[in-house]
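Student: Numbering (our numbering), first residue to last: 1 to 220.
Ideal Cβ placement from N, Cα and C applies to all residues, glycine included.
Treat the numbers as computed from the prediction; the structure is a model and nothing was measured.
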Ligand code: DX5
Ligand code: ZN
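1. Please work out which residues of its chain come closer than 6 Å, Cβ to Cβ, to residue 29, disregarding the five sequence neighbours upstream and downstream, and give them in chain order.
2. What's the call for residue 190, buried or exposed, on a 16-neighbour Cβ count within 10 Å?
3. Which partner residues of residue 62 appear in the DSSP bridge assignment?
4. Using 10 angstroms around the beta-carbon of residue 214, count the other beta-carbons present and answer buried if the total reaches 16, otherwise exposed.
5. If I'm right that residue 205 touches residue 23 with Cβ under 8 Å, what's the distance once you round it to whole angstroms?
6. With hydrogens ignored, establish whether the beta-carbon of residue 14 is closer than 7 Å to any heavy atom of the ligand DX5.
7. Report the three-state DSSP secondary structure of residue 154 (helix, strand or coil).
8. What do you reckon, are the CB atoms on residue 115 and residue 89 nearer than 8 Å?
9. Does the structure place the stretch 28-48 close enough to the stretch 69-85 that three or more beta carbon pairs sit under 8 Å?
10. Any idea which residues DSSP pairs residue 110 with across the strands?
11. Does residue 198 come out as helix, strand or coil in the three-state DSSP assignment?
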């Protein structure tokens, strides 16, 4: 399975965003993880459509949009129009999960479905064949720079086993508190898309990205 690095620009320095993204791309990162927060589903507010639109066309990396937003179905079309390649919504935030995933697919975009650390993995069961990606949060969504919740490893293992049982092979993305020091165990548990904000953007971006890429390739 192809392993992918999705650096989260939440930890970038926005004065020079384009240049920093370029460094991750040159060092091999395949995605840009784009965290949208509405101040309701999560306490904080981040950025939205105009920022995404300005990234469209400036990079060959896929735009991986993580909507931490209540009733995200309201915004799916607009994010698709702004260039999203993948739109991930939270199971906890949708009144109609299946309808929301369908709305994403209708825009010609890949759909992701995410669960917070306290949400039982079983709740994904009805949707296992309806998304191209499942995002297991390994911190409470809302802020960068938090510590990885160790129980997440078991949750990733459980989800991968549930998918394998059904002969389904979507991506499993993991988000929150991932550094080069713990990336290998996240991959070994069954994830193949690694989000990292602080682990990429704090310090030497090129070197951090290259370090992650080496670990990702080892586990392919
Ligand atoms: C948290 C966001 C994450 C965050 C990860 O709510 O979804 O994508 O940017 O940041 P780090 O890697 O610093 O935990
Ligand atoms: Zn995220």
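Tutor: Quick look at the numbers:
1. Here residue 29 refers to the residue found at position 29 of the chain shown. Correct list, in chain order: 5, 7 and 209.
2. Mapped onto the chain shown, residue 190 falls at position 190. With 16 or more Cβ atoms within 10 Å of its Cβ, residue 190 is classed as buried.
3. Counted from its first residue, the chain shown places residue 62 at position 62. Answer is 31.
4. The residue you call residue 214 lines up with position 214 of the chain shown. Around the Cβ of residue 214, a 10 Å sphere holds fewer than 16 other Cβ atoms; the residue is exposed.
5. By 1-based counting over the chain shown, the position of residue 205 is 205. By 1-based counting over the chain shown, the position of residue 23 is 23. Indeed, because the Cβ distance is near 4 Å, the residues count as touching under 8 Å.
6. What you label residue 14 is simply residue 14 of the chain shown in a count that begins at 1. Answer for residue 14: no, Cβ out of range of the ligand DX5.
7. Start at 1 with the first residue of the chain shown, and residue 154 comes out as number 154. Residue state, collapsed to three classes: helix.
8. The residue you call residue 115 lines up with position 115 of the chain shown. The residue you call residue 89 lines up with position 89 of the chain shown. No, they are not a contact pair.
9. At 8 Å Cβ cutoff, the stretches touch.
10. On the chain shown, residue 110 is found 110 positions in, with the first residue counted as 1. In DSSP, residue 110 forms a bridge with 86.
11. Against the chain shown, residue 198 aligns to sequence position 198. The answer is helix: DSSP assigns residue 198 an H, G or I state.
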